[in-house]
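Working notes, structure below.
Structure (structure tokens):
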């Protein structure tokens with residue numbers, strides 16, 4: 027089975043969908059790896075590194091020629107995959123809801139597209155979950171970027187000239203990114219608090235040494251939301267949460283927002299009026315910027331100053347840690363491929379009735395087959 031790894035063409039993309047480590051592992055399974063020249067350059071992986079691991083390095087056309095599977099970070103335009111054979115698997119983060127036309131084009135081209143970001147939140151799929159691996163790094167980088175923009179120290183410092191108080195960090199949304207943000211801010215010595223609509227996260231917040239900030243008089247979500255994600259809350263809860271945030275946010279130096287609802291615009295958590303209550307020099311990092319933003323006035327990929335507060339519109343922060351994010355993404359892909367690898371046949375076998383396959387398969391046999399897409403088409 028030939029597996030192709032293409033060079034990313036999306037603006038600002040630095041990652042690559044394979045690493046020398048995963049090339050070696052896939053080759054050991056019996057696969058033939060072909061990597062497009064320069065694919066790992068921005069992630070500090072040279073063509074020679076891939077060749078030493080057992081891959082062949084060639085032009086895009088040669089890499090795609092005869093490939094049974096194509097690995098990518100972002101879903102490329104179907105036109106750039108010209109030459110790929112019908113029935114080839116396209117595996118990566120394909121953003122199906124926002125790039126529906128691209129998905130249709132994959133089907134028309136005869137490609138079987140698999141969206142790794144739709145991996146179900148089940149135990150056996152944890153090691154394949156690209157959202158978790160990339161969010162972990164994003165949560166870490168959000169705190170590092172906030173510390174850089176803040177202009178003051180994070181930990182409390184006692185000096186002969188006097189004491190510097192610890193920075194106060196508030197994390198809104200305690201998923202994978204939020205938990206890593208809490209842990210990173212704590213390691214830097216900040217005084218950390220956090221909130222979420224899911225009641226189960228209270229213990230997680232406390233376990234990391236942070237203070238949980240929760241709406242007490244209106245019920246949130248008991249346990250987890252659908253698929254482990256939060257869901258949209260009632261108007262009563264949203265009103266109570268806004269009041270709680272307003273009273274708490276004015277006292278914070280750093281706020282990091284991470285709230286996302288799959289398939290929906292990001293919920294608005296911080297209004298312009300709430301920003302105005304923060305002291306000058308404070309920093310807000312919006313990790314949901316690409317989905318519309320949690321913060322009013324946020325601009326994806328830009329730093330905006332409003333009321334003296336810097337709003338960082340964090341756009342895919344994992345890209346700024348290209349070597350590590352590529353390594354983790356590549357391992358997620360390998361874990362998926364190896365889980366469905368048939369040693370006797372020497373290739374990938376994807377059962378139609380498998381829970382994972384059904385969740386991530388977008389196109390098959392020249393048409394769109396995923397229920398999440400066909401139900402809205």
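Numbering (my numbering), first residue to last: 27 to 403. Quick reminder that beta carbons are idealized off the backbone N, C-alpha and C, glycines included.
Which same chain residues end up closer than 7 angstroms to residue i when comparing Cβ atoms and leaving out the 5 residues on each side of it in sequence?
i: residue 228; result: 238 and 240
i: residue 267; result: 241
i: residue 230; result: 200 and 205
i: residue 130; result: 394
i: residue 173; result: 180 and 214
Answer yes or no: do residue i and residue j have a C-beta to C-beta separation smaller than 8 angstroms?
i: residue 291; j: residue 318; result: yes
i: residue 87; j: residue 118; result: no
i: residue 120; j: residue 133; result: no
i: residue 314; j: residue 285; result: yes
i: residue 399; j: residue 126; result: yes
i: residue 116; j: residue 139; result: yes
i: residue 99; j: residue 57; result: no
i: residue 311; j: residue 296; result: no
i: residue 192; j: residue 182; result: yes
i: residue 83; j: residue 73; result: yes
i: residue 137; j: residue 389; result: yes
i: residue 69; j: residue 50; result: no
i: residue 123; j: residue 363; result: no
i: residue 298; j: residue 269; result: no
i: residue 304; j: residue 276; result: yes
i: residue 153; j: residue 361; result: yes
i: residue 342; j: residue 368; result: no
Is residue i buried or exposed, if buried means 16 or more other CB atoms sit within 10 Å of its CB?
i: residue 278; result: buried
i: residue 54; result: exposed
i: residue 331; result: exposed
i: residue 198; result: buried
i: residue 177; result: exposed
i: residue 408; result: For the chain, the structure presents residues 27 to 403; residue 408 sits outside this window and is missing.
i: residue 155; result: buried
i: residue 149; result: exposed
i: residue 222; result: buried
i: residue 187; result: exposed
i: residue 356; result: buried
i: residue 300; result: buried
i: residue 97; result: buried
i: residue 249; result: Because residue 249 sits at a pLDDT of 44, beneath the cut-off of 50, its placement in the model cannot be relied upon, and the following sentence gives the value as read from the coordinates. When all chains shown are included, residue 249 counts as exposed.
i: residue 293; result: buried
i: residue 40; result: buried
i: residue 38; result: exposed
i: residue 112; result: exposed
i: residue 189; result: exposed
i: residue 185; result: exposed
i: residue 60; result: buried
Looking only at DSSP bridge pairs, what is residue i linked to?
i: residue 219; result: 196 and 237
i: residue 58; result: 28
i: residue 339; result: 312
i: residue 140; result: 117 and 387
i: residue 100; result: 119
i: residue 399; result: In the DSSP output, where bridge partners are listed per residue, residue 399 has none listed.
i: residue 330; result: 337
i: residue 185; result: 188
i: residue 321; result: 296
i: residue 374; result: 367
i: residue 394; result: 389
i: residue 178; result: Per DSSP, none; premise fails for residue 178.
i: residue 95; result: 29 and 115
Excluding five sequence neighbours on each side, which residues of the same chain lie with their C-beta closer than 6 angstroms to the C-beta of residue i?
i: residue 161; result: 202 and 203
i: residue 306; result: 334
i: residue 33; result: 62, 64 and 65
i: residue 196; result: 219, 278 and 281
i: residue 308; result: 279 and 335
i: residue 157; result: 143
i: residue 165; result: 203, 206 and 207
i: residue 135; result: 104
i: residue 75; result: 46
i: residue 353; result: 45
i: residue 159; result: 354 and 358
i: residue 385; result: 144 and 146
i: residue 175; result: 309 and 336
i: residue 217; result: 192 and 194
i: residue 320; result: 283, 285, 292, 295, 312 and 314
i: residue 77; result: 83
Keeping to the same chain, check which residues put their C-beta closer than 8 angstroms to that of residue i; ignore five residues upstream and five downstream.
i: residue 253; result: The predicted position of residue 253 is uncertain, since its pLDDT is 48 and thus under 50; no value can be drawn from it.
i: residue 393; result: 133
i: residue 170; result: 210
i: residue 27; result: 56, 57, 58, 94, 95, 372, 373 and 374
i: residue 350; result: 163
What are the uninterrupted segments assigned as alpha helix (DSSP H) that are 4 or more residues long and contained completely in the stretch 260-288, given in chain order?
261-275
Enumerated in chain order, which unbroken segments of the beta strand (DSSP E) with a length of 3 residues or greater are wholly contained in the stretch 60-85?
82-84
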